[in-house]
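Comments concern the structure below.
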Amino acid sequence: DAEITQSPRHKITETGRQVTLACHQTWNHNNMFWYRQDLGHGLRLIHYSYGVHDTNKGEVSDGYSVSRSNTEDLPLTLESAASSQTSVYFCASSEGAELTDTQYFGPGTRLTVL
Amino acid sequence: AQSVTQLGSHVSVSEGALVLLRCNYSSSVPPYLFWYVQYPNQGLQLLLKYTSAATLVKGINGFEAEFKKSETSFHLTKPSAHMSDAAEYFCAVRKGGGSYIPTFGRGTSLIVHP
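Below is the structure:
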């Protein structure tokens, strides 16, 4: 079965370190998204991609970067981790064929920045 | 800009009682609307979506939602709550202008008492 996976599931790091969160989907979807989920804020979009070599900033992109070198993967990099980036991160993908496309979400990565 | 408002961050019901989770949208064009559910320690999964084909939309696990343009609402209901329905529920609206990016509400936590 097709799926979307994230790794690691839990990560503890220190302020100032670079961290990369992996996202891999086997749906062959064109669109991929990264969100962060914080209490009281719901889901906020960090970055998204509509295809290979395409990346776009979301509403909370400062301090984050992504690159899309193939269809399956969209890694999220925190250039210099800050305590404000402690959160649960979700990756999602969608086919990109219609505006009513369903988004499929990964299980999430819980990141703690000390 | 399109947006959704979920009324009530927490809703508490007894097992067997009616579930009603409220969502109001703001959109200058006919919207595409979605309800997602997030079970503890999992990613989001689609419950149902409105694509203008029918105003009453049936989803998984006995949930349904009715699109009411006059009230700009898309409330989620289930006739009889089950303990397994305890989760976080998110309403989302797709942005206009050909965007694949949804805007999520802040979520409503459904608590089911035995």
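Protein chains in written order, with the working numbering: chain B, 1268 to 1381; chain F, 6 to 119. Glycine is no exception: its CB is placed at the ideal position from the N, C-alpha and C atoms. Just so you know, these numbers come straight off a predicted model, no measurement behind them.
With the cut-off set at 8 Å, would you say residue i and residue j are in Cβ contact?
i, j, result
"Ser1360/B", "Gln1304/B", "no"
"Tyr55/F", "Leu38/F", "yes"
"Gln1285/B", "Cys1358/B", "no"
"Thr1376/B", "Tyr1356/B", "yes"
"Thr1287/B", "Leu1343/B", "yes"
"Ala86/F", "Gly21/F", "yes"
"Val117/F", "Tyr30/F", "no"
"Val1319/B", "Ser1334/B", "no"
"Gln50/F", "Val42/F", "yes"
"Pro35/F", "Gln7/F", "no"
"Trp40/F", "Ala59/F", "no"
"Ile1271/B", "Trp1301/B", "no"
"Tyr1317/B", "Gly1363/B", "yes"
"Leu1381/B", "Ile1279/B", "yes"
My output table needs one value for residue i: the three-state DSSP class, helix, strand or coil.
i, result
"Asp1321/B", "strand"
"Gln1352/B", "helix"
"Ser104/F", "coil"
"Ser75/F", "helix"
"Ser89/F", "helix"
"Gln1285/B", "coil"
"Gly1330/B", "coil"
"His1308/B", "coil"
"Ala1364/B", "coil"
"Asp1340/B", "strand"
"Thr1280/B", "strand"
"Gln1292/B", "strand"
Would you mind reading off the limits of the beta strand (DSSP E) that contains residue i?
i, result
"Asn1298/B", "Asn1298 to Asp1305"
"Ala97/F", "Ala92 to Arg99"
"His80/F", "Ser78 to Lys83"
"Leu1345/B", "Leu1343 to Leu1345"
"Gln1273/B", "Ile1271 to Ser1274"
"Leu115/F", "Thr113 to His118"
"Arg1335/B", "Segment: none, Arg1335/B is in no beta strand (DSSP E) and carries neither H nor E."
"Thr1379/B", "Thr1376 to Val1380"
Among the options, which one has its Cα closest to the Cα of residue i?
i, options, result
"Val9/F", "Ala1364/B, Leu1345/B and His1308/B", "His1308/B"
"Gln47/F", "Met1299/B, Phe1372/B and Ala1348/B", "Phe1372/B"
"Arg1311/B", "Thr1379/B, Gln1352/B, Leu1366/B and Ala1364/B", "Gln1352/B"
"Leu1341/B", "Thr1322/B, Thr1282/B and Glu1326/B", "Thr1322/B"
"Gly112/F", "Glu93/F, Val98/F, His118/F and Lys100/F", "Glu93/F"
"Gly13/F", "Leu26/F, Gln7/F and Gly21/F", "Leu26/F"
"Met1299/B", "Ile1279/B, Leu1306/B, Asp1329/B and Lys1324/B", "Lys1324/B"
"Ala1348/B", "Tyr1317/B, Gln1370/B, Glu1270/B and Glu1281/B", "Glu1281/B"
"Cys96/F", "Ser78/F, Ser19/F, Tyr44/F and Ser104/F", "Ser78/F"
"Asn66/F", "Lys100/F, Pro45/F, Ser57/F and Lys83/F", "Lys83/F"
"Ser57/F", "Pro45/F, Phe72/F, Gly64/F and Tyr44/F", "Phe72/F"
"Thr108/F", "Glu1326/B, Ser1350/B and Ala1364/B", "Glu1326/B"
"Leu1366/B", "Gly1283/B, Asn1297/B and Pro1275/B", "Asn1297/B"
"Met88/F", "Ser114/F, Pro119/F and Ile106/F", "Pro119/F"
(message) Report the start-end ranges of each beta strand (DSSP E) in the region 7-72 of chain F that is 3 residues or longer and not cut off at the edges.
(response) 8-12, 15-19, 24-31, 38-43, 49-55 and 61-63
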